[in-house]
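Here the structure comes first, spelled out in structure tokens, and everything after it is commentary.
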Amino acid sequence: MAATTENEAGGLTYRGSTTVQHPSVDGDDYLLPVGLPEDGEVQVYATLDMYADGVLSTDEPFGIYPGVLTVTDEAAIEHANITILVDYDEFYAWWSGGGGGGGGGGCDAITLSGSSLLTSPWTDGDIAVLLYDVGNNGPYYYDRDQPVVAGAGAQADFSMSVCANLGDMKLRGAWDSNGNALIDPADLWGGYVSAPDTSANPIDIGSVDLTDLEVQIPLGTGEAGLDIAPFVSLSGEVTVHSGSFDDLEEGSVVYVTALMYRPSGDFAIADMADYTYDNDFWTSKQYAGRTSLPFTLWVPANTVVYLWAYADSGPKPDGILNQVGELVASAGSDANGRIATGSSSTSGYTLDLGLAR
């Protein structure tokens, strides 16, 4: 689990991380310390090490807290629940420590070998050398080992068998600097170098072994440059069909939400966090006299969400949405409000509240 903020380059800066070593299908409590230079907002996500190999991959399942969390000095935030949707397979027991990774078969293989050098003081934790594609997806292969002290830092040899003729790839290095037994984006990262502090990525994977490769950690800022759970925003407005929000029943509350899946019937607002990525709402005092309510919701990149708006009718809203006779709206041309999020933020969505047809 990690708390992140967006940096000036559009990537993620990690503000805190923690792990649940033995996750269960029933859910687990967590405590996540967060450090910010000043009071501010963070996004929180959780990734499941489904392969149980101690290396977080960009293709492993994750969940995010539906909304941003405002962090203030020494204040605790409770009930920040996160749901990870994952295939259940009783014979592949990720919750009992099974699984593995880091190798490959079924192809003509070559060997990548060399040395990884940590130039920062080493206290404990493994070093890993990992192979990603140029889009930072992966790792497809890795070798992980505990280093030995070398000068002011530490050193470890590596060797891994990979498929031949992959073309341009990125050879990365990471040290488990936060001591959580995981290789994750919050660790200290580096990469393949041709000389000290000189990146040599990408590396061309052909049909012959590559030996005497040098990987330096850290390299540059030491950040991973990986988005295990990248976020994009969906922006737009909620409107009322042929009218204004003053036309709603007095006391009504308006919601907009990015859902993990489309509910087939009504659902309780109290359960919304279990199947939404993000949501927002407005009371009658907030929408009085208005014809449009702008929104921005944060969702995972490169996935599918269902973008909907609902009115919980007054005068005494019952906390149940999507009931017969209440106003609803979905985004886009798809009747289910299905939106492919892509790799960048999008805007211009209009959700026009009306009775369901």
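Under this note's numbering, the residue at position 41 of the sequence shown is numbered 108, and the numbers go up by one with no gaps. Where is the CB? At the ideal position from N, CA and C, for every residue including glycine. Predicted model only: the values in this text are computed from it and were never measured.
Check: So, are the CB atoms of I131 and Y342 less than 7 Å apart?; Outcome: no
Check: If you count every other CB in all the chains shown that lies within 10 Å of the CB of A423, and 16 or more means buried, which is it?; Outcome: exposed
Check: Tell me S228's beta-bridge partners as DSSP assigns them.; Outcome: T178
Check: Whose C-beta lies closer than 8 Å to the C-beta of G164 among residues of the same chain, with five residues either side of it excluded?; Outcome: Because G164 carries a pLDDT of 39, less than 50, the predicted location of this residue cannot be relied on, and no value is offered for it.
Check: Tell me which residue opens and which closes the alpha helix (DSSP H) that S351 is part of.; Outcome: 351-354
Check: Between the segment 380-399 and the segment 272-287, do at least 3 Cβ pairs fall closer than 8 Å?; Outcome: no
Check: Quick one: residues in its chain with C-beta nearer than 7 Å to the C-beta of L326, no 5 flanking neighbours on either side, listed in chain order?; Outcome: Y342, T343, V372, Y373, W375
Check: Roughly how many angstroms separate the alpha carbons of K383 and A143, rounded to a whole number?; Outcome: 32 Å
Check: Assuming V216 and W189 form a contact by the criterion Cβ under 8 Å, report the distance between their Cβ atoms to the nearest whole angstrom.; Outcome: 6 Å
Check: Evaluate the contact criterion for the segment 172-180 versus the segment 227-246: three or more CB pairs, one atom per stretch, below 8 Å.; Outcome: yes
Check: Touching or not, the segment 250-267 and the segment 348-364, by the rule of three or more beta carbon pairs under 8 Å?; Outcome: no
Check: If we count the other Cβ atoms within 10 Å of its Cβ and call it buried at 16 or more, is E108 buried or exposed?; Outcome: exposed
Check: Applying the 10 Å Cβ sphere with the 16-neighbour rule, what's the burial state of T350?; Outcome: exposed
Check: Is Y398 buried or exposed, if buried means 16 or more other CB atoms sit within 10 Å of its CB?; Outcome: Note that residue 398 corresponds to Ala in the displayed sequence, not to Tyr. Buried is the call here.
Check: Shortest alpha-carbon distance to F129 belongs to which of V196, T408, T370, S380?; Outcome: T370
Check: State yes or no: is the C-beta of Q110 within less than 7 Å of the C-beta of T71?; Outcome: yes
Check: If you measure from the beta carbon of D120 to each beta carbon in chain D, is any gap under 7 Å?; Outcome: Chain labels in this structure do not include chain D; a single protein chain is all it has.
Check: Output the boundary residues of the beta strand (DSSP E) element that contains P367.; Outcome: 360-367
Check: Using only alpha-carbon positions, find the residue among A407, S411, Q213, E105 that is nearest to L249.; Outcome: Q213
Check: Which residues mark the beginning and the end of the beta strand (DSSP E) in which G121 is found?; Outcome: Segment: none, G121 is in no beta strand (DSSP E) and carries neither H nor E.
Check: Measuring CA to CA, which of G381, G257, N346 is closest to G318?; Outcome: G381
Check: Which full runs of the beta strand (DSSP E) of 3+ residues lie inside the segment 234-294, going along the chain?; Outcome: 234-242, 255-262, 270-272, 277-284
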